[in-house]
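Protein chains in written order, with our numbering: chain A, 154 to 512; chain B, 154 to 512; chain C, 154 to 512; chain D, 154 to 512.
Comments concern the structure below.
Protein chains: 4
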Amino acid sequence: MAKKRIGILTSGGDCAGLNAAMRAVVHRSHILGWETIGLINGTASLLDENPEFRILKPNDMSGTVLRAGGTILGTTNRGNPFAFPMPDGSLKDRSGEIVDGFRKLGLDAVIGIGGDGSFAILKRLAEQGNINMVGIPKTIDNDIGMTETSIGFDTAVSVATEALDRLQPTAASHDRVMILEVMGRDAGHIALAAGIAGGADVILIPEISYSIDKIAEKIQAVKESGRNFALVVVSEAVKKEDGSKLEMTYQGGEKRYGGIGYYVSQKLSDATGYETRVTVLGHVQRGGAPTYNDRLLASAFGVKAVDLVKEGKFGRMVAWQNRQIVDVSIEDAIKAYQDVDLDGTMVQTARALGISLGD
Amino acid sequence: MAKKRIGILTSGGDCAGLNAAMRAVVHRSHILGWETIGLINGTASLLDENPEFRILKPNDMSGTVLRAGGTILGTTNRGNPFAFPMPDGSLKDRSGEIVDGFRKLGLDAVIGIGGDGSFAILKRLAEQGNINMVGIPKTIDNDIGMTETSIGFDTAVSVATEALDRLQPTAASHDRVMILEVMGRDAGHIALAAGIAGGADVILIPEISYSIDKIAEKIQAVKESGRNFALVVVSEAVKKEDGSKLEMTYQGGEKRYGGIGYYVSQKLSDATGYETRVTVLGHVQRGGAPTYNDRLLASAFGVKAVDLVKEGKFGRMVAWQNRQIVDVSIEDAIKAYQDVDLDGTMVQTARALGISLGD
Amino acid sequence: MAKKRIGILTSGGDCAGLNAAMRAVVHRSHILGWETIGLINGTASLLDENPEFRILKPNDMSGTVLRAGGTILGTTNRGNPFAFPMPDGSLKDRSGEIVDGFRKLGLDAVIGIGGDGSFAILKRLAEQGNINMVGIPKTIDNDIGMTETSIGFDTAVSVATEALDRLQPTAASHDRVMILEVMGRDAGHIALAAGIAGGADVILIPEISYSIDKIAEKIQAVKESGRNFALVVVSEAVKKEDGSKLEMTYQGGEKRYGGIGYYVSQKLSDATGYETRVTVLGHVQRGGAPTYNDRLLASAFGVKAVDLVKEGKFGRMVAWQNRQIVDVSIEDAIKAYQDVDLDGTMVQTARALGISLGD
Amino acid sequence: MAKKRIGILTSGGDCAGLNAAMRAVVHRSHILGWETIGLINGTASLLDENPEFRILKPNDMSGTVLRAGGTILGTTNRGNPFAFPMPDGSLKDRSGEIVDGFRKLGLDAVIGIGGDGSFAILKRLAEQGNINMVGIPKTIDNDIGMTETSIGFDTAVSVATEALDRLQPTAASHDRVMILEVMGRDAGHIALAAGIAGGADVILIPEISYSIDKIAEKIQAVKESGRNFALVVVSEAVKKEDGSKLEMTYQGGEKRYGGIGYYVSQKLSDATGYETRVTVLGHVQRGGAPTYNDRLLASAFGVKAVDLVKEGKFGRMVAWQNRQIVDVSIEDAIKAYQDVDLDGTMVQTARALGISLGD
């Protein structure tokens, strides 16, 4: 087989395991005698006259890189190529320039590590420019369809569970209700998994509407059972009780979206009279060292992505299904959004254990 | 449904997640209005005139217990009831006494958390005494058949991977080959998973015969590529190069089995001239705090085990198959030993990444 | 020496290492042939007709307790005995009842594990009731005078540093300024130590007034040096730029104090145009498993406290000074509040490394 | 002040915090307008025609480096310059060549991060070549004199304590005596600190002769108290009961020093009849991510070392004494070996808690 030159890039929100996936791509390509080019800061850098890139060698990836969170390539942060923000405030379709950028690099294929948003853009670019593209799914939210899990989810849940492990003893020492706000932009997978594993009494996810009264009842029942503390996990995607988005206002007048954990805290405290405290875990859920599961998945995904290039199968996303690495149509994957299955094992287990899901 | 009284016990080698499984059983039983009795130190304690047990309440299990390694019940350590070691050195069948012990406790069912060895004994006792039995699989070795994974494996691999993460920088600082001996009595699952995730160059598992020459070649290739260190993972179940068991002798004349990591270290050092160092992780792989995955699995298993009792399905083992909790015949599970699939994703990924499996 | 009966209690905010200190007291007392009584929920429980307590035995404290955060005794949460909140809303001096409670328990001495607030109350009770009292200092804030360090500080800094380790890669992947709000009610010790260890570019502590302009300059300098991310640590005790307290208002009208991290985030984003993100670590800093340092300190403190009882030295607090365990007047310790020494090693090191302290 | 060019190197066994110290040197030098040159693989690389070095910039050191174990410079591994092993097996004094190598680099000063062995060599080279030298002490063993602590010790004790935390639950589940062999070439500091913090019943250190009978008595007493497990920590520097060195022999005839944990295990098992198990932690104690304490110490040491260069104070070692960074004569520090103080706080605390030190 002729020597190939493949490009790799990371796109969208970062998470743990991106570097491990890149490492697998580089090792696998190297074994096939190919060259791997890492694009710095994603597709948008191709707009620059001299796009920044790195030739990635196996030994660059063998020490701390495998074990590090984040992405050594950086990620796209300049905007959608099809509606790119210009200095004058207007939006411009610059996809043509990016496609040209790809051509100049002389790549046989591009492996994009991203989420559904990134894949939608990459796919459009690939079609426009006749670029051979393969996708590797990553998202801490685990909401990409057609794959049971994506890179970054396992680590995010680990970090969130560990936070509950640290909140439990202090809750018990002070007779408190502890509220942990975890990530999950639209789906409640992190909250659900960490909540069950971390011994939560209440788990609020965006897939299920909640009532403060119901939660307060559960907290009361816990207290009446003789236990002096309770743990509540709230997905950041959860809305106010009436279904509207929370807005927070600072004294100075600034506004920002978010902080639903504080809202639930206040409401619960009002409804029950118990002391509540809030932790907003935030980005520590993204940046942790990848768990072994995320590294295994990333390794298997990376290998498969290179092998798809070898077989000439493009427009595909690698996926994990029933203990196998498979490939699926990237188009189908984008459409098949995966939120929490209300009849699935996780929800069933939570309900069977008496955990309140707010409804 | 009438109120039931169920017994629970842990049997065989301990691992992380046992307490989490018991907690799920207790919570689930409590919701059904049942009582859960924890047998202290497994079946053998039923030989005592007043067998030790604990009535387990949900709130006993809600704080640190969920998060703790080991088993709060202790585990059987006095021997096989069918060939019980007597003070005079003889072996006696005392199964009848144990069956009587179960009867005296007035249990509607017994949930045993164990491995295949424990299940074989429990099943025989159950048949002999007409006891309603359900099994929950646990083993750090992940070698129980008919379930994709068992309680304790995820934590063991996590601990082993973390050890590799700590060995890599010191290996790189000193131009060394680091050998990590991990657990796995008969199967190489821990070594394989931790090795891939931890960036090992060589992984030796009992399922694959190895040649020191082949390993030495790999190490040489690593060094020639310009990398100054290498990582080797050896499963404790690996034998000497010629297939015989290693025996170690101390100066004083004592003998013990084990320490295959030291053997590989010596052989590799002789063959390559490189400095080698050994770490024997040992029981830290059992006792760590359970990972969230082990706690999720334990929670789902515990719920299912109680529900099997509710449905009157006995002689069954709960199992994890394709993202579902199912139940299988405990007899079939015992027979279906699960070692490393030489054509599976893990072995394929390792080979595709250029990791030497010694062959 | 006659057999003694000593009481032990934990008071004020919990932290890691309280159980380790209790364990040392119990072990040491046991060796001397004494009995240790643990008061549940601190002094206020002595107001109950049958105050809750536990006889603590060495083996109760030998397994997971040593390693667990929080306090197995619970902590005072019902209010100041000298101004106790009554059901009708009034405040009543109930110190006499508490002193009576102590007498009824027949204690030879009481060892209180607390901070300066707790010590002030315990000392007053001790004087009023002629109670033999010894104090063991604990606070995550490390602001108790006359001891170089107190139980809980080391763990809190560890947890905060670990958060920075997780924020750094995600900051670098996305060209972001990450703001971490850490605990420290009045003193900036946690922020300063975690900030230096975690590679912060800016550390804001209540002991030093800051200017947003100065911080923005530092962030600009970092970016101009070619680094694409920055880390900012803010102590929760920090006020607004003009020295006033921040108040946050939710849409619904609720108010709460806190969230200074969000304030700094907004101001920095406005001043620099960079993307900022906030993490509020909250109570995870209290509840983590104690570090070995906190356990060593707790062990040495517990031993010394019992030995002070043996020697009949009361009204004393154990303390750590220049690698020695000493005892100091509890009165002096309360007066000698310890905030960050602006000429000390930590501040000097921070400045020498070019870390901005906001001034 | 004129711009300076300073060299930095790491020497001897690696440990956690070396990179953090280098980072502090680089940041501090940069602020002073100086250049920092990192020598790859220590002094011996100066024997090469083109010695390998790296110009170190602040931003190279700001991300993962601060948080990583090991040393990015590598460490001396080719031998003593004054008796350098030649290909023909002879030893040759090559110090002159190394001194010449330093000269060619045009360095104003050299900062060496090492232990007492490295300092002895560096000092001799410095004197011979009139080189301006400053030392930063590092050793996981904490046996360098005139400084209370050295870089790497805190992390090593953390890792060892964590191992005990994982061994305790499995010991308790199986009624076992767990033996943990920890590092410490000549001094027992790691064993003593980890043993107290980790709840050991017996701690064996080289500074105290032990008797198996005494240890067996302690284990018996633990069991008779009703506790079913025990934890034993053994420093690798401990000898056989009769004071001679242990030698282990493999079946194949190879010999190696070490494994004293196995020896103690066998003897204890013989003496008490209890089941014993061994873990040899090995190099995971060196390579872990540095604790915040090691990073704080490394930061303060790095700053001080540069400031000594600025002040023209050479032949000095930076040191930590009574919460201050000071400098001491490197000659004095080498002479003042620091083993465990048998009358110090740690030994007193251990004895007061009833921990057996084997005597």
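Positions of the beta carbon are idealized from the N, C-alpha and C atoms, including for glycine.
Is the Cβ of residue i closer than 8 Å to any Cβ of chain B?
i: residue 359 of chain D; result: no
i: residue 472 of chain A; result: no
i: residue 252 of chain A; result: no
Among all the DSSP beta bridges, which residues are the ones paired with residue i?
i: residue 473 of chain A; result: A:478
i: residue 192 of chain A; result: A:206
i: residue 228 of chain B; result: B:163
i: residue 286 of chain D; result: D:263
i: residue 238 of chain B; result: B:244
i: residue 433 of chain B; result: B:334, D:433
Please name the residue, chosen from the options, that lies closest to residue i on a Cα-to-Cα basis.
i: residue 400 of chain B; options: B:416, B:429, B:286; result: B:416
i: residue 339 of chain D; options: D:163, D:331, D:375, D:292; result: D:292
i: residue 227 of chain D; options: B:232, B:423, B:381; result: B:381
i: residue 263 of chain C; options: C:298, C:178, C:296, C:300; result: C:178
i: residue 299 of chain D; options: D:307, D:158, D:290; result: D:290
i: residue 459 of chain C; options: C:273, C:442, C:286, C:217; result: C:286
i: residue 428 of chain B; options: B:372, B:172, B:222; result: B:372
i: residue 332 of chain B; options: B:254, B:321, B:341, B:342; result: B:321
i: residue 465 of chain C; options: C:261, C:187, C:510; result: C:261
i: residue 316 of chain C; options: C:353, C:326, C:423; result: C:353
i: residue 391 of chain A; options: A:379, A:363, A:367; result: A:363
i: residue 494 of chain C; options: C:345, C:165, C:252; result: C:345
i: residue 249 of chain C; options: C:170, C:164, C:212, C:233; result: C:233
i: residue 225 of chain B; options: B:176, B:328, B:272, B:288; result: B:176
i: residue 423 of chain C; options: C:387, C:369, C:448; result: C:369
Establish whether the CB of residue i and some CB of chain A are separated by less than 8 Å.
i: residue 335 of chain B; result: no
i: residue 171 of chain B; result: no
i: residue 199 of chain C; result: no
Give me the Cβ distance between residue i and residue j, rounded to the nearest whole Å; I'm assuming they're in contact under 8 Å.
i: residue 431 of chain A; j: residue 435 of chain C; result: 6 Å
i: residue 267 of chain A; j: residue 275 of chain A; result: 7 Å
i: residue 229 of chain C; j: residue 195 of chain C; result: 3 Å
i: residue 297 of chain B; j: residue 451 of chain B; result: Not confirmed; about 14 Å, so no contact.
Any beta-carbon of chain C closer than 8 Å to the one on residue i?
i: residue 326 of chain A; result: yes
i: residue 387 of chain A; result: no
i: residue 394 of chain D; result: no
i: residue 342 of chain D; result: no
i: residue 212 of chain D; result: yes
i: residue 422 of chain D; result: no
Is the CB of residue i under 8 Å away from at least one CB in chain D?
i: residue 155 of chain A; result: no
i: residue 429 of chain A; result: no
i: residue 434 of chain B; result: yes
i: residue 331 of chain B; result: yes
i: residue 189 of chain B; result: no
i: residue 352 of chain C; result: yes
*Residues within the region 218 to 231 of chain A neighbouring chain D, beta-carbon criterion of under 8 Å*: Taken in chain order, the members of the region 218 to 231 of chain A whose beta-carbon sits within less than 8 Å of a beta-carbon on chain D are 221.
*Using a Cβ-Cβ cut-off of less than 9 Å, give me the residues of the region 487 to 502 of chain C that come near chain D, in sequence order.*
Sequence-ordered contacts of the region 487 to 502 of chain C with chain D read 497, 498, 499, 501, 502 [C-beta pairs closer than 9 Å].
Original post:
When you check each C-beta in the region 292 to 307 of chain A against every C-beta of chain B, which residues fall closer than 9 Å?
Top reply: Near chain B, meaning a CB-to-CB distance below 9 Å, the residues of the region 292 to 307 of chain A are 301, 307.
Q) Name the residues in the region 437 to 458 of chain C whose C-beta lies less than 7 Å from a C-beta of chain A; which are they? A) Listed by position along the chain: 437, 439, 440, 441.
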